[in-house]
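Enquirer: First to last, the sequence lines map onto chains A and B. If you read the first sequence in the working numbering, its first letter stands for residue 4, the second for the next number, and so on. If you read the second sequence in the working numbering, its first letter stands for residue 4, the second for the next number, and so on.
2 protein chains.
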Amino acid sequence: MKIAIAQLNFHIGNFAGNLAKMLDAVKKAKEQGADLVAFSELATCGYPPRDFLEFDDFIRESERTVKKLAKAAKGIAIVVGSPSRNPVIEGKDLYNSAFFLENGKIKQVAHKALLPTYDVFDEYRYFEPATEFNVIDFKGKKIALTICEDIWNIGNENPLYKVCPMDELIKQQPDFMLNVSASPFHYESAAARIHVVKANVKRYKIPMFYINHAGAQTELIFDGGSIVMSSNGKLVDELPYFKECIRTYDLDEVVKNKKNNEQPKDKMALIHDAIVVGVRDYFGKLGFKKAILGLSGGIDSALTAALAVKALGANNVRGILMPSQFSSDHSVNDARQLAENLGMQYDIMPVSGIYDAYMDILKPHFWGKEFNVTEENLQARSRGMLLMAMSNKFGNILLNTSNKSEMAVGYGTLYGDLCGGLSVIGDVYKTDVFKLSKYINRNGEIIPENTITKPPSAELRPNQKDSDSLPDYDVLDEILFQYIEQQQGPKELIKMGFDEKLVRRILRMVNINEFKRHQTAPVIRVSSKAFGMGRRMPIVGKYLS
Amino acid sequence: MKIAIAQLNFHIGNFAGNLAKMLDAVKKAKEQGADLVAFSELATCGYPPRDFLEFDDFIRESERTVKKLAKAAKGIAIVVGSPSRNPVIEGKDLYNSAFFLENGKIKQVAHKALLPTYDVFDEYRYFEPATEFNVIDFKGKKIALTICEDIWNIGNENPLYKVCPMDELIKQQPDFMLNVSASPFHYESAAARIHVVKANVKRYKIPMFYINHAGAQTELIFDGGSIVMSSNGKLVDELPYFKECIRTYDLDEVVKNKKNNEQPKDKMALIHDAIVVGVRDYFGKLGFKKAILGLSGGIDSALTAALAVKALGANNVRGILMPSQFSSDHSVNDARQLAENLGMQYDIMPVSGIYDAYMDILKPHFWGKEFNVTEENLQARSRGMLLMAMSNKFGNILLNTSNKSEMAVGYGTLYGDLCGGLSVIGDVYKTDVFKLSKYINRNGEIIPENTITKPPSAELRPNQKDSDSLPDYDVLDEILFQYIEQQQGPKELIKMGFDEKLVRRILRMVNINEFKRHQTAPVIRVSSKAFGMGRRMPIVGKYLS
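1. According to DSSP, is Thr456 (chain B) helix, strand or coil?
2. Give a yes or no on whether the minimum CB-CB distance between Ala75 (chain A) and chain B is below 9 Å.
3. Please name the residue or residues paired with Ala218 (chain B) in a DSSP beta bridge.
4. For Leu365 (chain B), tell me which candidate among B:Thr454, B:Lys246 and B:Leu381 has the shortest Cα-Cα distance.
5. Would you call the CB atoms of Gly16 (chain B) and Leu45 (chain B) closer than 9 Å?
6. Determine, for Ala524 (chain A), whether the minimum Cβ-Cβ distance to residues of chain B falls below 9 Å.
7. Nearest chain A C-beta to Phe55 (chain B) closer than 9 Å, yes or no?
8. What does the Cβ neighbour count give for Thr134 (chain B), buried or exposed, with the cut at 16 atoms within 10 Å?
9. Using beta carbons (cut-off 9 Å, strictly below), is Gln175 (chain A) in contact with chain B?
10. Could you tell me which chain B residues have their CB closer than 7 Å to the CB of Gln490 (chain A), listed as they occur along the chain?
11. Which class does Tyr244 (chain A) belong to by DSSP, given the choice of helix, strand or coil?
12. Roughly how many whole angstroms lie between the Cα atoms of Arg250 (chain A) and Ser531 (chain A)?
13. Would you kindly work out how many angstroms separate the C-alpha atoms of Cys151 (chain B) and Leu483 (chain A), rounded to a whole number?
14. Does the beta carbon of Gly297 (chain A) sit closer than 9 Å to a beta carbon anywhere in chain B?
15. How big is the Cα-Cα spacing for Val280 (chain B) and Lys145 (chain B)?
16. Got a sec? Which residues, its chain only, sit under 6 Å from Lys33 (chain B) by beta carbon, not counting five neighbours each side?
17. Can you tell me which of the three DSSP states Met180 (chain A) falls into?
18. Using three-state DSSP, classify Tyr121 (chain B) as helix, strand or coil.
19. So, does the CB of Leu289 (chain A) fall closer than 9 Å to a CB anywhere in chain B?
20. Measure from the alpha carbon of Glu247 (chain B) to the alpha carbon of each residue in B:Asp253, B:Val239, B:Lys237 and B:Ser229, then state which is nearest.
21. Using alpha carbons as the reference points, say which of A:Ala311, A:Leu401 and A:Lys457 lies closest to Thr523 (chain A).
22. Starting from the beta carbon of Gly107 (chain A), find every residue of chain B whose beta carbon is closer than 7 Å, and list them in chain order.
23. Decide if Lys504 (chain A) is buried, meaning its Cβ has at least 16 other Cβ atoms within 10 Å, or exposed.
24. Check whether the segment 47-63 of chain B and the segment 533-544 of chain A are in contact - that is, three or more C-beta pairs closer than 8 Å.
25. What runs of the beta strand (DSSP E), each 3 residues or longer, lie entirely inside the segment 293-352 of chain B?
26. Would the beta-carbon of Val91 (chain B) fall within 9 Å of that of Ile157 (chain B)?
27. Give the interface partners of Gly356 (chain B) over in chain A, defined as CB-CB distance under 7 Å, in chain order.
28. Applying a beta-carbon distance threshold of less than 7 Å, which residues of chain A neighbour Thr120 (chain B)?
29. Please go through the same chain and pick out, in chain order, the residues whose beta-carbon is closer than 7 Å to the beta-carbon of Cys422 (chain A), but skip the five residues on each side of it.
30. Can you name the start and end residues of the alpha helix (DSSP H) that Asp60 (chain B) belongs to?
31. Which whole-angstrom value is the C-beta distance of Ile323 (chain B) and Gly346 (chain B), which I expect to be below 8 Å?
32. Would you kindly report the start and end of the unbroken beta strand (DSSP E) that includes Arg88 (chain B)?
33. For Gln382 (chain A), report the span of its alpha helix (DSSP H) as first-last.
34. Check whether the Cβ atoms of Arg528 (chain B) and Glu105 (chain B) lie closer than 9 Å to each other.
35. Against chain B, does Ser293 (chain A) count as a neighbour if the rule is that its beta carbon must be under 9 Å from one of theirs?
36. With 16 other CB atoms within 10 Å as the buried threshold, where does Lys237 (chain A) fall?
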């Protein structure tokens with residue numbers, strides 16, 4: 004028996020587009036001699052459909068797509084993820100299902116039992132968990148069909164669920180496991196997936212075909228990396244990361260396989276590729292081509308520009324240099340050098356005139372008050388407004404250039420440098436911004452050396468340095484990582500050896516700036532805990548603040 | 004037996020403050036002769052604690068608060084909501100629990116079984132559902148103790164859960180039901196709660212004491228309105244809305260009660276009071292006193308100002324009038340009149356100079372391009388920046404004045420009139436903005452008559468009217484209500500008699516503007532479906548767009 008994995012990039016709510024893509028893949032799988040082709044979780048409607056699932060019309064469109072796809076299931080069987088209705092009145096109205104299509108019809112439906120409801124996942128918001136489990140008979144083989152999280156309750160020390168779907172299915176003696184997933188990227192997710200697939204294969208002693216989605220949906224990047232594993236735990240194949248791919252495997256050969264074919268997993272390379280796909284799909288799926296961003300001469304905007312050029316092409320990225328009286332000479336030079344290295348268009352717009360116009364109006368009202376963060380914010384906001392005007396006039400999208408460290412501690416101006424339609428590096432700590440910039444320069448200078456080596460500064464007052472108001476990024480980022488990604492509290496951080504006063508100060512900065520993050524652009528997620536939909540914090544809380 | 008209901012306003016993460024408030028209430032309940040005093044759901048840590056629950060330190064603080072409160076349970080028993088740990092490895096690590104404290108100790112703990120995970124609720128994100136149910140023996144009576152959603156699976160035609168905790172508890176023959184809740188306001192929630200309490204009382208034929216939280220947590224307003232219902236379904240008492248209150252009831256008298264004591268429920272009065280509490284608590288819980296807002300002479304900013312003055316006092320609200328060349332004469336006069344009626348400070352800052360400064364820089368780059376939404380946005384953004392500068396310099400919070408209709412269709416400028424720390428009327432449709440304004444004026448003119456009667460306009464180009472680009476608000480709001488609150492799709496809307504082209508256009512406007520709403524301030528929720536945490540939509544979707 005030959006099984007095809009169709010690792011594709013779906014678009015939420017684009018039923019016609021998703022169907023066309025699947026019909027094309029069915030054709031290709033047939034050409035590859037496949038008896039069965041499998042698509043990823045909720046492939047008909049795209050993942051995550053979020054509250055669109057609450058619309059009957061959206062479910063009807065999903066059902067129609069399954070029916071149309073079923074007609075193509077001739078000479079080949081198809082497995083496709085799609086929402087389905089729960090006929091029982093009690094419980095949620097929907098299931099997260101995988102349809103088995105054969106001979107032009109729906110032959111069988113499997114429902115998801117383990118519904119991830121943590122971090123970026125909200126599945127129990129929509130779906131009823133399955134309580135019945137049946138293998139699928141196909142051409143003399145029995146298939147244990149599960150959906151994503153269904154296989155994730157083993158292989159970890161603190162299982163989230165009391166049931167384990169494969170424990171039920173294995174009683175019916177399946178020949179292999181087929182798991183349809185939509186598993187989003189973070190820089191350790193590919194390794195985690197292999198670990199979980201291996202834990203399942205070891206426990207149930209049959210091969211697994213694991214199909215993932217590939218492509219970005221706003222903040223979530225689905226990295227592909229679909230897995231075929233033999234029953235002896237060898238990695239027969241790991242499909243490309245971040246790319247669409249259709250590959251067919253002979254079940255007998257998978258069973259006999261003795262080789263490991265794992266892809267390399269370099270953290271910076273993965274983050275780089277994830278962000279590039281994140282930017283490319285954000286623009287592509289919204290129907291935009293061109294981006295704009297401010298270039299300060301600093302490393303954050305330089306890195307963002309380099310990533311955007313990689314994603315959209317140099318012709319589609321425009322940089323705006325907006326020096327003020329506080330900008331150093333090298334800032335403009337560094338920004339100009341970057342734009343030239345990248346081959347992208349740039350304009351220079353000095354902002355002092357705008358600042359003066361604001362101050363003309365505000366001066367009488369500010370009488371007796373000292374220069375403070377207000378005037379710093381005004382500069383940042385003047386720049387934000389110019390960028391938005393260019394974005395509006397030329398119909399492009401403004402990219403936000405804030406990094407995770409500054410977003411965490413609120414070191415950024417709301418409606419100023421926090422403007423933008425998409426936060427490109429908002430899930431990358433400053434220490435990793437440096438590493439990623441060096442990765443960009445791995446084959447020669449793209450980001451100017453001076454941009455990488457000079458001390459970070461917002462240049463909003465004379466001779467300002469980040470280190471005037473923040474601890475060294477090495478220390479700051481480690482505290483932030485422990486607090487944000489690892490959920491460690493003050494007691495645990497102090498036990499790790501961090502200074503108590505510093506810990507209290509940093510955690511307070513993170514917590515009192517929740518209101519800013521509430522209003523910022525969606526952040527491309529590359530870590531296990533990004534700001535945005537996966538981190539839900541109260542604003543009026545009074546905790547560690 | 005005498006039972007005290009303590010309907011209090013807790014603060015998320017403010018363990019010391021919440022404990023002090025409860026200790027004071029225990030004292031008052033004792034003075035009222037109570038044998039038992041009950042607090043609301045998750046009272047120790049405040050509701051909703053959201054992802055703070057993922058921090059071990061936060062759970063330890065909750066546990067400490069319960070222990071300290073237990074020491075006060077002498078001569079009186081206490082029921083208090085608090086998170087507790089699940090000792091079993093499988094499943095989520097926490098329960099949403101209610102502790103029964105007696106004789107200085109924890110006597111018994113009940114866990115929540117039905118975990119709301121829809122709209123603004125995320126409880127399955129954190130909690131394991133209860134599977135065991137036991138009544139509590141206290142002074143010869145048996146108490147069926149449940150938590151909020153536990154009683155909501157009956158009284159509706161499409162129950163969300165397969166189990167019903169009271170169906171289990173009733174087998175142990177309890178004498179009365181005690182339900183500790185944190186049930187957020189929308190303008191029909193008080194009626195819905197009475198309906199559900201009555202459905203329970205009718206089914207189980209014993210009285211119910213229902214304790215709600217009172218006060219605001221950012222977007223969620225908890226409206227109190229705690230309920231005491233006799234076993235014959237009579238409303239013995241409904242506690243005040245939006246206010247703290249401690250009242251004690253004699254169980255024997257509750258059982259015998261024959262009167263209905265329901266509060267009046269006027270939609271505009273409820274919305275008014277909810278928003279006032281929402282503004283007051285947002286400021287109070289963040290430690291701010293003063294607000295600022297732009298006054299355009301239009302009805303949205305006038306209504307927002309009136310509500311803010313009611314919440315914070317006239318001395319704490321400052322209005323900024325920012326006329327441009329497109330502002331009509333009456334705009335400034337109407338805004339000035341409003342400020343005078345309200346007795347609040349106002350300043351006038353003409354914005355044309357700023358607009359000109361931007362255009363000086365942008366003109367060469369805009370060469371050959373026509374005046375369009377870019378220039379309109381620049382005006383709105385110049386105003387936003389001035390307001391933010393005043394907010395920063397004087398340490399007050401900018402109030403956002405956008406209404407729900409314009410937020411829905413994207414009729415507003417990101418970083419312009421969409422600026423602000425809190426959206427005051429962002430869940431009020433324009434047609435209700437008029438009604439609420441008339442309600443404000445019920446005892447005499449506060450909002451100038453001309454502001455209410457003139458045709459709505461953004462005044463961003465000569466003689467602009469909202470009706471140039473939008474259908475009449477009567478029609479628009481009804482389509483929006485059906486789509487947003489009622490989840491009706493295009494097919495259903497057309498069946499209702501709305502023009503197909505108009506329906507498609509409006510739904511498209513709603514969907515393509517998701518990116519704007521993603522970046523706006525938290526919205527005080529007054530309807531069953533507000534923008535924000537309760538409505539989670541994809542940005543890159545291609546559905547009805």
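Think of the CB as a built atom: it goes at the ideal place given N, C-alpha and C, for glycine as much as any other residue. Bear in mind the structure is a predicted one, so any value in this text is a computation, not a measurement.
Expert: In brief:
1. helix
2. no
3. The amino acid occupying residue 218 (chain B) in the given sequence is Gly; Ala does not appear at that position. Bridge partners of Gly218 (chain B): B:Phe225.
4. B:Leu381
5. no
6. yes
7. yes
8. exposed
9. Interface criterion not met: the Cβ of Gln175 (chain A) is under 9 Å from no Cβ in chain B.
10. Glu57 and Phe58
11. Strand at Tyr244 (chain A).
12. Their Cα atoms are separated by approximately 29 Å.
13. 35 Å
14. Gly297 (chain A) has a beta carbon lying at 9 Å or more from every beta carbon in chain B.
15. Cα-Cα distance, rounded: 37 Å.
16. Ile79
17. strand
18. coil
19. By this cut-off, Leu289 (chain A) is an interface position.
20. B:Ser229
21. A:Leu401
22. Simply none; closest approach about 27 Å.
23. exposed
24. In short, these stretches touch, since the Cβ pair count reaches three.
25. 294-297, 320-324 and 348-351
26. no
27. Ala360, Asp363 and Ile364
28. Those within 7 Å of Thr120 (chain B) in chain A are Thr120, Tyr127 and Arg128.
29. The residues are Gly387, Leu390, Met391, Leu401 and Asn403.
30. Start and end: Asp59 to Lys74.
31. The pair is not a contact, with the Cβ atoms about 16 Å apart (cut-off 8 Å).
32. Annotation: the continuous beta strand (DSSP E) that includes Arg88 (chain B) extends over Ala80 to Arg88.
33. Val376 to Phe397
34. no
35. The question names Ser, but residue 293 (chain A) in the sequence shown is Lys. No, its Cβ sits nowhere closer than 9 Å to a Cβ of chain B.
36. Classification of Lys237 (chain A): buried, given that the 10 Å Cβ count is 16 or more.
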